[in-house]
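Below: one structure, written as structure tokens.
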Amino acid sequence: MFGKILWMDSDGSTLVNPWIDDVQKRSELQRKNIESLKNAEPLEGAKLSKLDSSLKKLTAFMKKTKSISSKEPATLLIPELSKLNVLKFLDEIATNVCEAKIKSSDVNDLVVFVVHVSSLYPQFPDLLLTELKKQFPTKKSEKIENPVKFKVDLKFLGELILNGVFAKPGMDLLGSALAYLVATDAGEFNNVPLLLPFCKQLFFDFTGTIPLSQNDKIPDAFREQIPQLISPVLTDSNRKAIVNLMKKYFDDLIKHVNTVRVKMNKIHKGIKRQERTKGDATQSDRQAFETTKQQFDRFLQYANDLGECLGYETPEMDEEPSDDDEALTKQLDTALSEGKTLLWPDKDSQMFYEQLEDVVRLSPIKATIAAAVADEGDVEADVTEEISLTVAESIDTVDFSELETPASVEAPVSDEIEEEENDEIIEEQQPPPLSASSLPEKPTIDSMYHPQFIGANITDFLENLSCAINRDLIDKAASHFVAFLNKKGNRKKLVQHFLHSPRDRLDLLPFYARFLATIKSVVPEITNQTLNSLLLKFRQMASAKIEPPKKEKGLRVRKTDEAIFLSRFLGELTKFKILPKAEALACLRSLLVDLRSYKIEMASVFIECCGIFLYRSPDTAAKMSVVLSVVQKKIFLFKDQRHKILLENAYFSVIPPEESQTTVPTRDPLHSYISLLIRSMSSNRKGRDPVK
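Just so it is clear: in the sequence shown, position 230 is 215 by this note's numbering, and no numbers are missing.
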């Protein structure tokens, strides 16, 4: 029916594609069987009565149908079948056919036998379909008892549909069988081996999808014949349903393979780190890596085989983790040790963040005991509610895989979106400022005032603290607090002072952070309570859902000021190593996942404040580079020019743009002289005179 598709090799020899030849043969056989069933003359009346009905021969024939196997193919029974009247034994034949112990390669012989029986007895397909339904599970709770036989039955069912034995009821059974395999395999993909034989041998016949390896090999003449090669039994909706079902299954499989790959690479990276730092990795880690690698290899092979049948390429998946992180770490270590790269921009900054005042000497044992006694007698002082938060300590535990995928870089919905509910929540959750009645009235201190830290009055101390805007003054303040004001009530007021610092006085935050870092060795609870409170507010704002803005602009302005304050304060605490660098990366990650509205300001301020510190630290350089790459990609997604500028400034504060060199063209002496004459002309002379 179809001519062989031939083409010429480079040397002029004629080539035949075996796959195309096999497809054409199957299509011709299927159409031949469909026509034979359509034009068949069933055995009825006189024809049926002429056939042999002796019990002896029928019993012998039925025994042979029970023993159908690879060694005794069903096609050998066709001559004998044509001589016998098996009308009363059709249901038993159907049962024996469904229970035949055959291999996948023997299915075609069994199909020929079934086609012959169906052409003689029209009622046989219905009986056979009833028996086949018993072989396939219909509920998710049911399990496949014999996977090997299930693969053969699935192919057998598909062949019977393609050869015209079953019509719509057969397609319904096939659809439910495929849907069962997909639905019961979510997250495990143990049913791929059951689907592969069906897809390899019959997927083209059902859908017309060319296998991936053949896509570039077949000529255009074959592509034009595809509509005629596809089985006419199926409708377009049938083909589309099968394609969509398998495409979704393949996509889910790819996601699962990638998940296993990320897990495997993470374990492998940990093993490399242990080998680099400790000399060897633990046996449990090595065993976990081997187990995960075996899973990855198996699922990757599944994906390649299934993608070959469905015509989809499997994305590239590196089995080994990139050594860029390790190389970058070594490079930074070397550069920092040799002085080629500096962690701080200048010596003053280095001294500010690294050389802290020693206040332990100012807190002798007697003073500590006296403070404890005073704390017990201080009835009016309320116990500050401690906030317990889980803070990331290990940089390896901060998962950036979501940011590294292209799907994470999505276009923002709107640059002006704000979150409605959290406006009110954040306003309500602001801790109340210290009341005026609780503190003695003092005149406002001018910013040029030189503070004096004397006495034991906490109110005077806090007012003077807002004017300590250099390193010496803030160190004196820390020493004074440790020596004279270290009481429970004063500690509570100090924490509240930091949390309610004016949101427009961002210049105070570096000095407040130094104050907290200085007293941490003596009064760690102040530092911890302040950090946890700031971190809690930050997480609330970073995780808030963004919704259309409210009309009250004042709330949005206060919310933005609060966001900037939190980011700047936490950034300064990061540089003093109060906030772990791992938690700082986690904060940035939480903002980049949904970078919109006020979160843009938060991310920009955070990066400008401590981005270069994280980028030049060997242990965080790799993940900080991921943050910067995501920021760079997201810059182009915003329409608001202000947001673009904020992100660009943040990015270039860490990685300055390359200086462009402009080449000034040089003139020859003649042109230089002419230019000099023209410039030296007076306004009352004509331009043509000196030129002449």
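Cβ atoms here follow ideal geometry from the backbone N, Cα and C, with glycine treated the same way.
Simplified DSSP state of Ser528, which is helix, strand or coil: coil
Helix, strand or coil at Ser506 [DSSP, three-state]: coil
By Cβ distance, which residues of its chain are closer than 8 Å to Val92, with the 5 residues on each side in sequence left out? Val137, Lys140, Phe141 and Glu144
Can you give the beta carbon distance from Leu158 to Leu114, rounded, assuming they're within the 8 Å contact cut? 7 Å
Check whether the region 598 to 616 and the region 630 to 638 touch, using three or more Cβ-Cβ pairs below 8 Å as the test. yes
Asp653 in three-state terms, based on DSSP: coil
Contiguous alpha helix (DSSP H) assignments of at least 4 residues, all confined to the region 104 to 129: 109 to 118
Please confirm whether Thr375 has its beta-carbon closer than 9 Å to some beta-carbon of chain B. Judged by its chain identifiers, the structure shown contains no chain B, having just a single protein chain.
Start-end ranges of the beta strand (DSSP E) lying completely within the region -2 to 47, minimum 3 residues: -1 to 1
Relative to the alpha-carbon of Tyr679, which residue among Leu577, Lys17, Ala441 and Phe496 has its alpha-carbon at the smallest distance? Missing from the structure shown is residue 679; the chain here goes from -14 to 677 and no further.
Could you give the first and the last residue of the continuous alpha helix (DSSP H) run that contains Gly474? Lys473 to Leu484
In angstroms, rounded to a whole number, what distance separates the CA positions of Lys505 and Thr512? 6 Å
When you measure from the CB of Ile659 to every non-hydrogen atom of the ligand ZN, does any distance come out below 8 Å? Ligands in the displayed structure: none, and consequently the ligand ZN is not present.
What are the start and end residues of the alpha helix (DSSP H) that includes Gln626? Gln626 to Val639
Can you give me the start and stop residues for the alpha helix (DSSP H) that Glu568 sits inside? Lys566 to Leu577
Express the C-alpha separation of Gly193 and Lys17 in angstroms, rounding to a whole number. 19 Å
Using CA coordinates, which residue listed in Ser54, Leu622, Gln437 and Phe554 is at the minimum distance from Asp679? The structure shown does not extend to residue 679, since the chain is modelled only from -14 through 677, so no value can be given for it.
Residue from Val480, Lys560, Phe523 and Lys530 with nearest C-alpha to Ile549: Phe523
Drop a sphere of 10 angstroms on the beta-carbon of His656, count the other beta-carbons inside from all chains shown, and report buried for 16 or more, exposed for fewer. exposed
Report the CB separation of Phe191 from Ala162 in whole angstroms; it is logged as a contact under 8 Å. With 8 Å as the limit, Phe191 and Ala162 do not qualify as a contact, their Cβ atoms being about 13 Å apart.
Expressed to the nearest angstrom, what Euclidean distance is found between the alpha-carbon atoms of Pro397 and Glu304? Confidence at Pro397 is low in this model, with a pLDDT of 49, below 50, so its placement is unreliable and the value that follows should be read with caution. Cα to Cα, the separation comes out at about 33 Å.
Please return the same chain residues whose Cβ sits closer than 7 Å to the Cβ of Gln335, not counting the five positions on each side in sequence. Trp329
Any chance you could list the beta strand (DSSP E) runs of at least 3 consecutive residues sitting entirely within the region 195 to 227, in chain order? none
Pick from Gln272, Asn517 and Phe284: whose alpha carbon is nearest that of Val245? Phe284
Let me check understanding here. Comparing Cα to Cα, which of Ile256, Tyr287 and Glu77 lies closest to Glu275? Ile256
Pick out whichever of Glu209, Asp282 and Asp221 has its Cα sitting closest to the Cα of Val242. Asp282
Have a look at Ser687 and Cys83 and give me their C-alpha separation to the nearest angstrom. No statement about residue 687 is possible, as the shown extent of the chain runs from -14 to 677 and does not include it.
Check for me: the alpha helix (DSSP H) holding Met587 runs from which residue to which? Tyr583 to Arg601
N-terminal and C-terminal residue of the alpha helix (DSSP H) that Pro64 is part of: Ile63 to Leu66
Ignore the nearest five residues each way along the sequence and tell me which others in Arg652's own chain have a CB closer than 8 Å to its CB. Ser660
Quick one: what's got a C-beta closer than 8 Å to Leu179's C-beta in the same chain, skipping five residues either side? Ile129, Pro132, Phe135, Lys136, Leu139 and Leu166
Should Ser222 go down as buried or exposed, given a rule of 16 or more other Cβ atoms within 10 Å for buried? exposed
For Lys611 and Phe591, what's the separation of their Cα atoms in angstroms? The sequence given here has Val at residue 611, not Lys. Cα to Cα, the separation comes out at about 15 Å.
Straight-line CA distance for Asn442 to Lys472? 12 Å
Could you check what DSSP says for Ser451 in three-state terms: helix, strand or coil? coil
Arg266: first and last residue of the uninterrupted alpha helix (DSSP H) it sits in: A quick correction: the sequence has Ala, not Arg, at residue 266. Element bounds for Ala266: n/a, residue is neither H nor E.
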